[in-house]
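Undergrad: In our numbering, the protein residues as written are 2 to 86.
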Ligand code: FES
């Protein structure tokens with residue numbers, strides 16, 4: 002199935018790239034942009050991004066970020082001062 006018609010990217014290639022990115026760096030979010038870079042292409046129209054996110058999530062490769070990072074940030078000195086501004 003072609004997911005990105007601008008670059009003729011298939012679902013299989015996208016999942017493989019996402020899997021590789023996640024294995025290479027499990028702490029970094031797998032984004033459509035990173036997948037494009039990993040595959041050596043550039044997005045053109047961007048209409049495939051939401052489908053790419055959905056495919057990644059359905060494949061169980063989703064990375065939801067900031068909860069741990071946010072709780073770590075709350076411990077930073079002066080963060081309460083920044084939040085109050
Ligand atoms: S369909 Fe993917 S960039 Fe256009």
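The beta carbon of each residue, even a glycine, is placed where N, CA and C say it ideally should be. Just so we're clear, the structure is a prediction, and the values are computed from it rather than from any experiment.
For residue 57, count the other beta carbons within 10 Å of its own beta carbon; 16 or more makes it buried, fewer makes it exposed. Which is it?
TA: It counts as buried.
Undergrad: When every heavy atom of the ligand FES is checked, does at least one fall within less than 7 Å of the C-beta of residue 48?
TA: True, at least one ligand heavy atom lies under 7 Å from that Cβ.
Undergrad: Taking a contact to mean a Cβ-Cβ separation below 8 Å, would you say residue 35 touches residue 22 in this structure?
TA: In this structure, residue 22 lies closer than 8 Å to residue 35 by Cβ.
Undergrad: Does the Cβ-Cβ distance between residue 40 and residue 10 come in under 8 Å?
TA: Cβ atoms of residue 40 and residue 10: closer than 8 Å.
Undergrad: What does a CB cutoff of less than 7 Å around residue 49 pick up in its chain, not counting 5 residues either side in sequence?
TA: So the list reads 4 and 5, once near-sequence residues are dropped.
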